[in-house]
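Protein chains in written order, with my numbering: chain A, 13 to 110; chain B, 916 to 1177. Note that CB positions come from ideal geometry on N, CA and C, so glycine has one too. Everything numeric in this text was worked out from a predicted model, so none of it was measured. What follows is a single structure, written as structure tokens, with notes after it.
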């Protein structure tokens, strides 16, 4: 069951600042006695083209916030961020660069 | 050198007094940068609009003091006296009132789970985050003119200093002297405006150490637990009076929550 996500993408000079929040327990192996639950893959697409394929681990805190910079970008570009966790749950959010 | 001194002076002017003194100001700033507060506001918005209860209606027509459904600045105007309930109410008490009157839910049903946890925040917590977020930046102006508002403030003041329970504690036992702290938490002297103001401007909040949302009703409840007193009833005259006392002491401070806490 995936909770809400929220993203902001703002143009600043020659790059785009993206800040994305996601709801996830990010439970570690140790906390759950062998039943970890965490986001494994993070994908960022700009206008349908994959620009980041991230693999993250249990070491990320609950309800993670990711912010990163993409070079270039223009107002109205569609940015999509999706995640896939180790139990196969997934969620995504999309926003236009402002 | 002059430039450096100039910017230092500017920093002192911008940050409230406690931030200059606090050795934890940096820590607080860093945690605030990655706070997932907006996620909880989104969760609260969904609950605000969800049809619930025997009457199957949403809370969208709930009057939080600025008129039915008016959220802008509503939190900054609380606690205040409500004529329809003939008592002073804080945000959570008012939300409970709306759940009972608008949605037709029983008190028992609506208060079944008022305090949540990291895995699942309570309805009250999410709603508090959502409503409070609509007052961000506005000066806090709790009600102070109605006789019942004055009486509630006075009751809160009495309760704050009233020592009781097996440890003979009062709120002032911990929050009564300047410069005290428990681990990373400074203990604000909440009857003095200079300490009440920065603090009251940040509730409700996301608590990093427990990854959960905390509200003022929870804070009152948990302080009574820590004082080894009987558990106060959610939204009771006791908890509302204490919240009123502290909020009125902080009157006028621009609300900068929902914030983040240790």
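Asked: Could you tell me which residues DSSP puts in a beta bridge with residue 1127 of chain B?; Found: B:1122
Asked: May I ask you to list, following chain order, the residues of the region 938-961 of chain B that have a beta carbon less than 7 Å from some beta carbon of chain A?; Found: 949, 951, 953, 954, 957, 958
Asked: Determine whether the Cβ of residue 926 of chain B lies closer than 8 Å to any Cβ atom of chain A.; Found: Confidence in residue 926 of chain B is poor, its pLDDT being 42 and thus under 50, which makes the residue's placement unreliable; the coordinate value appears in the next sentence. No, residue 926 of chain B lies away from the interface with chain A (no Cβ there is under 8 Å from its Cβ).
Asked: According to DSSP, is residue 107 of chain A helix, strand or coil?; Found: strand
Asked: Could you name the residues of chain A that residue 1174 of chain B contacts, counting a contact when the two beta carbons are closer than 7 Å?; Found: Going along chain A, no residue has its Cβ under 7 Å from residue 1174 of chain B, so there is no contact; the nearest lies around 15 Å.
Asked: To the nearest angstrom, how far is it from the Cα of residue 1105 of chain B to the Cα of residue 1025 of chain B?; Found: 30 Å
Asked: Just to confirm, are residue 968 of chain B and residue 1020 of chain B a CB contact at a threshold of 8 Å?; Found: yes
Asked: Leaving out five residues on either side along the sequence, give the residues of the same chain with a beta carbon under 7 Å from the beta carbon of residue 917 of chain B.; Found: With a pLDDT of only 40 at residue 917 of chain B, under 50, the local geometry of the prediction cannot be trusted, and no value is derived from it.
Asked: Hey, residue 1176 of chain B and residue 1122 of chain B are a contact pair by Cβ (cut 8 Å); roughly how many whole angstroms apart?; Found: 5 Å
Asked: Below 7 Å on C-beta distance, what does residue 1033 of chain B contact in chain A?; Found: 74
Asked: Can a CB atom of chain A be found closer than 8 Å to the CB of residue 973 of chain B?; Found: no
Asked: Does the beta-carbon of residue 43 of chain A have 16 or more other beta-carbons within 10 angstroms, so that it is buried, or is it exposed?; Found: exposed
Asked: May I ask you to report which of helix, strand or coil DSSP gives residue 1102 of chain B?; Found: coil
Asked: Check for me: the beta strand (DSSP E) holding residue 1003 of chain B runs from which residue to which?; Found: 1002-1004
Asked: How big is the Cα-Cα spacing for residue 1063 of chain B and residue 988 of chain B?; Found: 22 Å
Asked: Which residue comes first and which comes last in the beta strand (DSSP E) that contains residue 981 of chain B?; Found: It is not in any beta strand (DSSP E) - residue 981 of chain B carries neither H nor E in the DSSP assignment.
Asked: Compare the C-beta of residue 48 of chain A with all C-beta atoms of chain B and state if any pair is closer than 8 Å.; Found: no
Asked: Which term fits residue 1008 of chain B, buried or exposed, when burial requires 16 or more other beta carbons within 10 angstroms of its beta carbon?; Found: buried
Asked: Looking at C-beta atoms only, is the number of pairs between the region 80-91 of chain A and the region 33-42 of chain A that lie closer than 8 Å three or more?; Found: no
Asked: Hey, does residue 13 of chain A have any beta-carbon neighbour from chain B nearer than 8 Å?; Found: Residue confidence for residue 13 of chain A is low, a pLDDT of 46 falling below 50, so the modelled location carries little weight and cannot support an answer.
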